[in-house]
Every structure is written in structure tokens, then in C-alpha cells.
Amino acid sequence: MAQAQNPKNKRLQKKLKEPCEIGWCELIDLPAFGVTNLHAKVDTGAATSSLHATRIKSFKKDGRDFVQFTIPMGSGVADYHCEAPVYGQRRIKSSNGVMQTRYVIETVMKLGPLEWVGHMTLANRQSMIFPVLIGRRALKRGFLVNSAKRWMLGRHEER
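The opening residue of the sequence shown carries number 2 in the numbering used here; numbering runs sequentially from there.
The structure is reproduced here in C-alpha cells:
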């Protein structure tokens, strides 16, 4: 089971020095869980990033709240079984307009030239095409979204 390391132990850049143009969909890595090349949709309408997770279950560990979850990979690729400290819970309006309470985790994210610690909500995004949604809080780190382009940071074959 992949466990998120304490993201604050690693000194990471908070913001890009120069703006980086990205498309409406890109590949993102979640190094704390060993996950690379997840397809992500860039969504300037969403405040917080979201990760497709199943089998979401909270538990206590050393007196702290944790959550375990599975990141389904599909297509014959092994799923990732993960656990992380619970950063909090947020009420989120889903794409179909229904309010949901979701767990929030804090983890390292890598998008193109930037690796940073950010927040992600855990949600079952099975009906969605993209397993990750990148929200405004992540984008404000210096990314410029070009809605006419995609995969500007590279595709599987190029990375």
C-alpha cells in the first residue's frame, strides 16, 4: 500500500518563476503514491483539484485521522492502494450539481516543470473521462491555460 510521505519534509517550489502555458488536458504525477502520467482535465471553474478514488475509507492511526483509497488504473494496469492523513473535509458541488462532502488530502503534485504540495479531494469520478481534475488553487502557481490546446507538456510516449 502506497503511503503519502509527509509532503512538508520535502522542500518544494511554491510557484513558477516564469509562466508555463498548458492545455485543457495534461498529464500529472502524484509522486507520494508512485503514480505517474494520470490524465488530468484543467478546470478553471473548480477551486480544488480532485482525484478519482474508490473504496474510500477513513480510519485512525496514532490518534490521527487517515483515509485509505484505491486509484483505479484500468486497462490491465494494477490499481494503486493508498493511504494518507486527512487534511480536512469540504462540501463540493459535483458536476451534476449535487453537494457532496469529500475528504481532502495534502500531497505532492507534479505538472510539467513544477512540483508542489497541494490539496486534492477524493471522489468517485468513474463516470468522468479524466481521473484527475486540476483546479484554480493549483493553477495559480503560474500556469496559463490555453483552452485551444492539449497535451502541451507531452504525452505518454514523449515523457
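Glycine included, C-beta positions come from ideal geometry on N, C-alpha and C.
Does DSSP put residue i in a helix, in a strand, or in coil?
{"i": "R138", "result": "helix"}
{"i": "F131", "result": "coil"}
{"i": "A33", "result": "helix"}
{"i": "W25", "result": "coil"}
{"i": "A149", "result": "coil"}
{"i": "R160", "result": "Since pLDDT at R160 reaches only 47, below the 50 mark, its modelled position is unreliable, and the value read off the structure follows with that caveat. If DSSP states are grouped into helix, strand and coil, R160 belongs with coil."}
{"i": "R91", "result": "strand"}
{"i": "A85", "result": "strand"}
Which word fits residue i, buried or exposed, when buried means at least 16 other C-beta atoms lie within 10 angstroms of its C-beta?
{"i": "R92", "result": "exposed"}
{"i": "H100", "result": "Checking the sequence shown, residue 100 turns out to be Met, not His. Its Cβ having fewer than 16 others within 10 Å, M100 is exposed."}
{"i": "V78", "result": "exposed"}
{"i": "I130", "result": "exposed"}
{"i": "R160", "result": "Its pLDDT being 47, under 50, R160 is placed unreliably by the model, and the measurement read from it follows with that caveat. That one is exposed."}
Could you name the residues of the same chain whose beta carbon sits closer than 6 Å to that of residue i, not counting the 5 residues immediately before and after it, in chain order?
{"i": "Q69", "result": "K58, E84"}
Closer than 7 Å by C-beta to residue i: which residues in its own chain qualify, once you throw out the five before and the five after it? Chain order, please.
{"i": "V36", "result": "D30, I72, Y81"}
{"i": "Q90", "result": "T102, R103, Y104, V105"}
What whole-angstrom Cβ distance do residue i and residue j have, given they're in contact under 8 Å?
{"i": "L145", "j": "P20", "result": "5 Å"}
{"i": "L115", "j": "R142", "result": "6 Å"}
{"i": "A41", "j": "I135", "result": "5 Å"}
Using C-beta distances below 8 Å, list every residue in its chain close to residue i, excluding the 5 sequence neighbours before and after it, in chain order.
{"i": "R151", "result": "G24, W25, C26, E27"}
{"i": "K15", "result": "W117, R142"}
Beta strand (DSSP E) containing residue i: first to last residue?
{"i": "Q69", "result": "65-72"}
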